[in-house]
Amino acid sequence: MSSTQAWSPIEVLGLTRPKTQQNLCYALMSGGSLCTQPINKSKISQRNHCLYDLGRIPPEHISQQTLSNVLNDLADNGSCRYHTKSRTMYETKQRWKRRVERAFPQLGHAIKCLKPTRRAREEQVHPDANIVGTGRKRPRPDSTVEEPTDRKKFRPSPLQPVSRVPQTAPILPAVPRGAHPRTLGRTRTVWQNPISSSSEPVTAAEMHAKADEMIKNQKREQEAQKKEVQQAKKQQRNKLLEKLRKLEPGKVDLSGVHHEYFAMHKVNYDPAIATSGEIFEKRYLEYSRRAVADAFSEDEKRHFLHEDERRRRIAREEEEARRVAKAREAARLEEEYRQMQEEAKRKQEAARRIALYGPEVERRPIREGEECAICQDAMDMNGPKPLEWCSHGCGNSFHEECLGEWKNSSRDNDQAVRCPFCRKKMP
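All residue numbers for the sequence shown refer to UniProt numbering, where the first residue is 1 and numbers rise by one.
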């Protein structure tokens, strides 16, 4: 550890390595060992600067934010290309943080509450309880350290020691019963002033009652809006049905009706595309049939729908039958082709065997007590040892295991194996 450093980050973080492994990644693997992948030379110098600057800060002056910033820089500059911004590096940073906290329990105690948020400063509760939520600032407590005049420009450097007297943590007002914190943020005009500006104190029960009443009013407004939307849709649908009922059976013109129905259901309508019968035909006709189905409820007008549905059903059935027939024909042709290929392959293999080993002969039956010509043990067709025979020569049988050893020990220069009896080539 250098004389200018207050402590050694390498020892505390567990990054001690031999001199030959100083350029390797700092990612901690699942087994507890460090990664063995090298990192870039520029990253090595930046990583060393991060460790040096962190060691110069006394532990009692390191805040949680400073520690997080330095560990993030160390992880970015100390990881290889496989572990950059990975889950393994995130877990490694968490382990580093726990090691530092265990080594220095007093870490960041002097500046734990350095700068409260704006919302926390505005909502601090004063003992008077009359300025809560009114927007007026709470009087500052007596302090020997002056606050900086420009709060927006006050940004302490993450690598410089900062010594400040700890401020008292802000006391936030209690969340009313039945209200979610996110709801408080959205309805700022309601919750910024939950207590009246009068001098009378407000109890917690009254605050809860006001919150419940506000939630009920919001629910009533939402239900009223929902009913208005449903009523408007119902009126629009009734107008459309009334227009469809006035149509005569022989003169059905749905050009304007289609546009209104598409607008009611918020569907894009383009007459040029809808009447072309190419791109928009399926969706256009589907919504058109639904509109007509709602209107044609009388008996004397239903035959239009029945005829249209019958034609479409017949067309769909014919198309499905053609598709199935085409698929069956393709499967039949594929099966025939596969059988032809297998037959040609079998014929080719038989011709090759005849050319190499001659025509096949019948297998000679095994007599009782006959012995294997190789191992001199008895042979039996139903015995535990499988048998093999010379199919292109004498037809004698042998033990399969014995014949395998014979083939391995008696190959000719042309890599051919010959029968022990007839000396003909065996496959």
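No residue lacks a Cβ here, since even glycine has one placed at the ideal position from N, Cα and C.
Looking at the DSSP output, Trp389 shares a beta bridge with Ser397. DSSP links Pro38 through a beta bridge to Leu24.
Met381 sits in coil when the DSSP states are folded into three classes, being neither helix nor strand. A direct Cα-Cα distance of roughly 15 Å separates Lys345 from Glu335. According to the DSSP secondary-structure assignment, Glu371 is paired through a beta bridge with Ala378. In the displayed model, Leu67 falls within a helix according to three-state DSSP. In the three-state reduction of the DSSP assignment, Leu15 falls in the coil class, being assigned neither a helical nor a strand state.
Classified as exposed, Pro427 has fewer than 16 neighbouring CB atoms from the shown chains inside 10 Å of its CB. Here DSSP, grouped into helix, strand and coil, assigns Ala211 to helix. The stretch 27-34 makes no contact with the stretch 61-72; the number of CB pairs closer than 8 Å stays below 3.
Closest in alpha carbon position to Arg367, among Leu356, Leu387 and Met379, is Met379. Restricting attention to Lys385, Gly358 and Glu370, the CA atom closest to the CA of Cys394 is found in Gly358.
Between the alpha carbons of Trp389 and Met340 lies a gap of roughly 30 Å. For Glu336, the three-state secondary structure derived from DSSP is helix. With a cutoff of 8 Å on beta-carbon distance, Asn77 and Gln46 are scored as near each other. Here Thr16 is exposed, its C-beta having fewer than 16 other C-beta atoms within 10 Å. Counting only the Cα atoms, Met381 lies some 12 Å from Gly369. Judged by beta-carbon spacing, Ser391 lies beyond the 8 Å limit of Glu349, meaning their Cβ atoms are not closer than that value. The beta-carbon distance between Phe398 and Ala373, rounded to whole angstroms, is 6 Å. This is short enough to meet the 8 Å contact definition.
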